[in-house]
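First residue of the sequence shown? That's 1 in UniProt numbering, and the numbers climb one at a time after it. Just so you know, even glycine gets a beta-carbon here, dropped at the ideal spot from N, CA and C. Below is one structure, written out as structure tokens; the observations come after it.
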Amino acid sequence: MAANKTLLMLPGDGIGPEVMREVRRIIEWMDRRRSVTFRIEEGLVGGAAIDAEGTPCSDATVARAKAADAVLFGSVGGPKWDSQPFENRPELGVLRLRKELGLFANLRPALVLNPLVDASSLKPDVVRGVDIMVVRESTGGIYFGEPRGIETMPDGKRRGVDTEVYTEDEIARVARVGFDLARKRRGKMTSVEKANVMQSGRLWRAVVGEIGRAEYPDVQLEHMYADNCAMQLCSRPKQFDVILGSNLFGDLLSDLAAALTGSLGMLPSATLGAVDATSGKRHALYEPVHGSAPDIAGKGIANPCAQILSFAMLLRWSFGMEEDAALLETAVEKVLGGGLRTADIMQTGMARVGTGVMGEAVMRELEKLT
Ligand code: NAI
Ligand code: MG
Numbered sequence: 001m002a003a004n005k006t007l008l009m010l011p012g013d014g015i016g017p018e019v020m021r022e023v024r025r026i027i028e029w030m031d032r033r034r035s036v037t038f039r040i041e042e043g044l045v046g047g048a049a050i051d052a053e054g055t056p057c058s059d060a061t062v063a064r065a066k067a068a069d070a071v072l073f074g075s076v077g078g079p080k081w082d083s084q085p086f087e088n089r090p091e092l093g094v095l096r097l098r099k100e101l102g103l104f105a106n107l108r109p110a111l112v113l114n115p116l117v118d119a120s121s122l123k124p125d126v127v128r129g130v131d132i133m134v135v136r137e138s139t140g141g142i143y144f145g146e147p148r149g150i151e152t153m154p155d156g157k158r159r160g161v162d163t164e165v166y167t168e169d170e171i172a173r174v175a176r177v178g179f180d181l182a183r184k185r186r187g188k189m190t191s192v193e194k195a196n197v198m199q200s201g202r203l204w205r206a207v208v209g210e211i212g213r214a215e216y217p218d219v220q221l222e223h224m225y226a227d228n229c230a231m232q233l234c235s236r237p238k239q240f241d242v243i244l245g246s247n248l249f250g251d252l253l254s255d256l257a258a259a260l261t262g263s264l265g266m267l268p269s270a271t272l273g274a275v276d277a278t279s280g281k282r283h284a285l286y287e288p289v290h291g292s293a294p295d296i297a298g299k300g301i302a303n304p305c306a307q308i309l310s311f312a313m314l315l316r317w318s319f320g321m322e323e324d325a326a327l328l329e330t331a332v333e334k335v336l337g338g339g340l341r342t343a344d345i346m347q348t349g350m351a352r353v354g355t356g357v358m359g360e361a362v363m364r365e366l367e368k369l370t
């Protein structure tokens, strides 16, 4: 089994440490009941790290993240650090980790759990059973392309510039992550771009198509314009399995897909790097989609599910522990099916509980399932 895997936990700020505590509880349960031993290290990131070390992510933390088998990240930021200079903001902690670990593929599942079908803004019939994985390229594209900046023109007016740049290698490596996922899921991948109006989009479509034909003939590949994909996500979301997109389109479409599921407090994510040819190891960071939620921090009411489900993704993607990952996901769904709700997903007729009770209920459900 997965003994001696090292896990670096970076709870961060606000509700980060509160929801991470519930993951700790589950890990302790797994140690006792599933004979899996993790070596857990804890580190500082974000505002907590600024306070203690003067920087949102120290070199030492980067080194520990590189040495670990996986990183479980909480969330960073809060009003306390709003006056920090831009180059030293808590949010740069996670950006630095993504960059240093070369995490180029961001995986954002949008899964509509049966008990939460009514929490969606769309009709239950439209979203029931939706299970989409958005794969977003996360180190290239228009957020990083050169030239960029705001410049003053000869006529004295300002001009803002961003550049969309993708090399074929950048497209190919993230496409392979998408294809591999599709193969393990329902065998379909929708690759989105704007090949009709963008050159980088034309290359995107060509490269994804070539890889699909050469390496993944068993996966059904569909190309779709990003704007059409946005529309289809709202009208017929069940047609999608894996959606692959650039940094920009993946950002927009993953937020849109997430909205189908109802609550920020339920959404996990993973960001993966390349598989190292010699060690076979792949850097990866797992984190909830939500931030540090300063408005509810310290109140014990945050929903721990997004953090718990991020840990389930970690078990699956970094440790190959599919069975345990699925067990944890089932436990969360059962707890919701039993009527427990944190405030963010509260529905009439359900029982409102806090962070700790929710985490404990997941553990009790695990106990029942095993
Ligand atoms: P946020 O995600 O922290 O909160 C948005 C709203 O959702 C708030 O009303 C919050 O109470 C609620 N919420 C979020 N997670 C919840 C949970 N688990 N349970 C119940 N309710 C939950 O986003 P916001 O307010 O825009 O940002 C707050 C701080 O977090 C900022 O400093 C921001 O920069 C940072 N942030 C950090 C991220 C990260 O660490 N990766 C991602 C997004 C924001
Ligand atoms: Mg976004």
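Per DSSP, Asn247 is one residue of the alpha helix (DSSP H) stretching across 247-259. Gln199 carries a helical assignment under DSSP once its states are collapsed to helix, strand and coil.
Counting C-beta atoms within 10 angstroms of its own C-beta, Met231 has fewer than 16 neighbours from the protein chains shown and is therefore classed as exposed. For Ala230, the three-state secondary structure derived from DSSP is helix.
In this structure Asn247 is buried. Its beta-carbon is surrounded by 16 or more other beta-carbon atoms within 10 angstroms. Membership of Gln307 in the alpha helix (DSSP H) is indicated by the continuous run 305-317. Two segments are said to touch when three or more pairs of C-beta atoms, one from each, lie closer than 8 Å; by this definition the segment 278-288 touches the segment 101-121. Considering only Phe144, Lys238, Arg316, Lys80, the residue with the shortest C-alpha distance to Thr271 is Arg316. For Asp131, the beta-bridge partners assigned by DSSP are Leu111. In the DSSP assignment, the residues bridged to His223 are Ser191. Taking a cut-off of 8 Å for Cβ pairs, the segment 144-158 and the segment 106-120 do not touch, as fewer than three such pairs fall below it. Shown here for Pro115: same chain residues with a beta carbon closer than 6 Å to its own, the five before and five after excluded, namely Leu336, Gly337 in chain order. Residues of the same chain with a CB within less than 8 Å of the CB of Arg39, apart from the 5 flanking positions on each side, are Asn4, Lys5, Thr6, Leu7 in chain order. Within 7 Å of the C-beta of Ala306 there is at least one heavy atom belonging to the ligand NAI. Closest in C-alpha terms to Tyr225, from the list Lys194, Ala343, Met321, comes Lys194.
Where Phe179 is concerned, the enclosing alpha helix (DSSP H) starts and stops at 168-184.
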